[in-house]
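Everything below concerns the one structure shown next.
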Amino acid sequence: MSAVYEARDLEQRYQQRTALPKISLVIESGEAVALTGPNGCGKSTLLRLLAFIERPFSGELLYYGDRSNPRREVSLLLQDPYLLRASVFYNVTLGLRLRHRREQLESIYERCMRAVGFADPRSFAARGPNALSGGERQRVALAARLALNPRVLLLDEPTSNVDAASARAIAEAVTQCRRDGVTVVCSTHDPALIDALQAREIRLGRRWDEI
Amino acid sequence: MEYLINGWFGALALLADMDDATLSAIHATLLSTLYAMTAAFLLGLVPGFILGYCDFPGRRALRLISDTLLAFPTVLIGLIVYAFITARGPLGEYELLFTLPGMAIGQAVLALPIVISWTAQAVENLDPRCRETLLTLGANARQTALLTLWECRFAIGMVCVTAFGRVITEVGVAMMLGGNIRYSTRTMTTAIALETSKGDFAQGIALGLVLLFMAFLVNLALAFLRRRGARA
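Put into structure tokens, the structure is as follows:
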């Protein structure tokens, strides 16, 4: 295995507040990693850094040994994801449109929606985000990430705000990604998800240590 | 009391007949408002978006100025634009005074702060997760900005409808810059002011009813946009 991420003394601060104390870690390709720790310990901040949507205050983050920004290979699912005021179909295929990919959008939409547990994706295609439950929104947002075929899937507490059925569907979809060789980094308090992913646990806290 | 009742009946008769003067006032009102709104929208949308979307030195000061201009007295706008387009003014050679385009310039100046300030407000009010989500989906800076603007479409639609309502019911600028010339620059509001001063309540009420109907349409559009925005 080769290292997808190599972080050295990575630290994030917002003005004077330390959001993520210095951390060094290595995440191998195809690995599943669960970030655990108390609220406010910096799990979400670390995921944002790994997604390259923020720059660190200090330290170094290498992606496949390189400092270049691979934002289009990495996809982050936020804890409380936002769906655009458009149809579910548009939301799921948005990332592909942003990459100017217009072919086979329907089949990709169907595949990804089925992967996150929607038995009849077509019945959801024209709905707006306000016509979805919290669990459905979370699964639609995950489907949008799966549509991108990311090399790295980052998940910020994906099962924390959803019902049991949605949590199961999300866990199954993420586990399948893992089987397909996608590197999965997930912040979670959900032991069932950690077990399903067979993830290596990295506990964040005042002092971070790997278990 | 009788003259008021007669005025209402006369107004209804005038509306049923739709005489040339009434039609001309409606036409002038709609045309000048359309010119003004087009100009205000074209000139104000991008600055408003930048004010709401970007963070740069002096942004707060610009917002303050823009917000202050919301309360710009219409008579003062009329006076300033008059000074520019009068024969002796810097734009005098274009002979815009007492024409519909001249009137539209004043109305555009009136609508511009509304478009800028409220567009900025609409962008600021957008859920901050929107931009973050677009970044996580791999959007570049241009795509993020354009999609953020698209995401504000209902709110910006409401801004336009509100500015339209402000411009179409305005009388000071239309009177000063249009001159209230019959069959030319006489709008519904200036006609109402004139007919009322002449004691012709029927004509004033007839035009008032048309204006009220337009205000109703504007509010209907606002309600529709609010509902679409809430549902989407």
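Residue numbers (the numbering used here), protein chains in the order written: chain A, 1 to 211; chain B, 212 to 443.
Ideal Cβ placement from N, Cα and C applies to all residues, glycine included.
Notebook entry, point to check: Which residues in the same chain as V382/B place their Cβ atom closer than 7 Å to its Cβ, once the five residues preceding and following it in sequence are excluded?
Noted result: Sequence-distant Cβ neighbours of V382/B in its own chain, meaning closer than 7 Å and more than five residues away, are T400, T401 and A404.
Item checked: Distance, L275/B Cα to E448/B Cα -> This structure gives no information on residue 448/B, because the portion of chain B shown stretches from 212 to 443.
Check: Between which two residues does the alpha helix (DSSP H) containing S243/B stretch?
Finding: D231 to Y264
Check: What residue range is occupied by the uninterrupted alpha helix (DSSP H) comprising S277/B?
Finding: Taken as a continuous stretch (DSSP letters only), the alpha helix (DSSP H) holding S277/B covers R270 to L280.
Margin query: For Q176/A, report the span of its alpha helix (DSSP H) as first-last.
Written below: Annotation for Q176/A: the continuous alpha helix (DSSP H) segment containing it runs A164 to R179.
Checklist line | Cβ shell of R377/B (< 8 Å), same chain only, five flanking positions each side left out | finding: L321, A322 and I325
Next item on the list: Return no unless some Cβ of chain B is closer than 8 Å to the Cβ of G30/A.
Entry: no
Notebook entry, point to check: Which bits of chain A does D338/B rub up against, with CB to CB less than 7 Å?
Noted result: Annotation: Cβ neighbours of D338/B in chain A (cutoff 7 Å, chain order): Y82.
Notebook entry, point to check: Considering only residues of the same chain and omitting the five flanking positions on each side of T355/B, which have a CB-CB separation below 8 Å?
Noted result: Within the same chain, T355/B has close Cβ partners R342, L345 and L346.
Item checked: Chain-ordered chain B contacts of I53/A [CB-CB under 7 Å] -> Those are E343, L346 and T347, listed as they occur along chain B.
Check: Straight-line CA distance for L46/A to H189/A?
Finding: 16 Å
Margin query: Going by DSSP in three states, D190/A sits in which element: helix, strand or coil?
Written below: Assignment of D190/A by DSSP, reduced to helix, strand and coil, places it in the coil class.
Check: What do you get for K43/A, buried or exposed, if any count of 16 or more other CB atoms within 10 angstroms of its CB means buried?
Finding: buried
Notebook entry, point to check: At least one CB of chain A closer than 8 Å to the CB of A350/B: is that the case?
Noted result: yes
Check: Can the beta-carbon of L262/B be found less than 8 Å from the beta-carbon of S243/B?
Finding: no
Item checked: Secondary structure, alpha helix (DSSP H): runs of 4+ residues fully inside the stretch 64-98 of chain A -> 88-98
Margin query: In this structure, how does DSSP classify D228/B when only helix, strand and coil are distinguished?
Written below: helix
Next item on the list: Answer yes or no: do A222/B and I416/B have a C-beta to C-beta separation smaller than 8 Å?
Entry: yes
Check: Closer than 7 Å, Cβ to any Cβ of chain A: which residues of the stretch 360-382 of chain B, in chain order?
Finding: E362
Notebook entry, point to check: If we ignore side chains and look at the alpha-carbon of each, how far apart do Y264/B and V257/B end up?
Noted result: For Y264/B and V257/B, the distance between alpha carbons rounds to 10 Å.
Notebook entry, point to check: Beta carbon of L225/B, beta carbon of A413/B: below 8 Å?
Noted result: yes
Margin query: Taking a contact to mean a Cβ-Cβ separation below 8 Å, would you say C112/A touches A167/A in this structure?
Written below: no
Item checked: Beta carbon proximity, R139/A to chain B, threshold 8 Å -> no
Checklist line | Neighbour list for Q354/B in chain A, Cβ cutoff strictly below 7 Å | finding: L98
Next item on the list: Going by DSSP, name the residue or residues bridged to S58/A.
Entry: S58/A pairs with E11/A.
Next item on the list: Check whether the Cβ atoms of V4/A and Y82/A sit closer than 8 Å, and answer yes or no.
Entry: no
Next item on the list: Output yes if chain B places a C-beta closer than 8 Å to the C-beta of G95/A; else output no.
Entry: With respect to chain B, the C-beta atom of G95/A has a partner C-beta closer than 8 Å.
Next item on the list: Please list the partners that S75/A has in chain B, where partner means a Cβ-to-Cβ separation under 8 Å.
Entry: T347, L348 and G349
Notebook entry, point to check: M229/B: buried (16+ other C-beta within 10 angstroms of its C-beta) or exposed?
Noted result: exposed
Margin query: Give me, in chain order, the residues of the same chain whose beta-carbon lies closer than 6 Å to that of G313/B; leave out the 5 immediate sequence neighbours on both sides.
Written below: I296, L307 and L388
Notebook entry, point to check: Cβ atoms of C371/B and F252/B: under 8 Å apart, would you say?
Noted result: yes
Next item on the list: Kindly indicate if chain B contains any beta-carbon less than 8 Å away from that of A144/A.
Entry: yes
Item checked: According to DSSP, residues forming a beta bridge with A3/A -> E28/A
Item checked: Alpha-carbon spacing of Q104/A relative to A350/B, whole angstroms -> C-alpha separation (whole angstroms): 20 Å.
Notebook entry, point to check: With L155/A and V174/A assumed to form a contact (beta carbons below 8 Å), what rounded beta-carbon distance in angstroms separates them?
Noted result: 7 Å
Margin query: Please report the straight-line C-alpha distance between Q198/A and P56/A, rounded to a whole angstrom.
Written below: 29 Å
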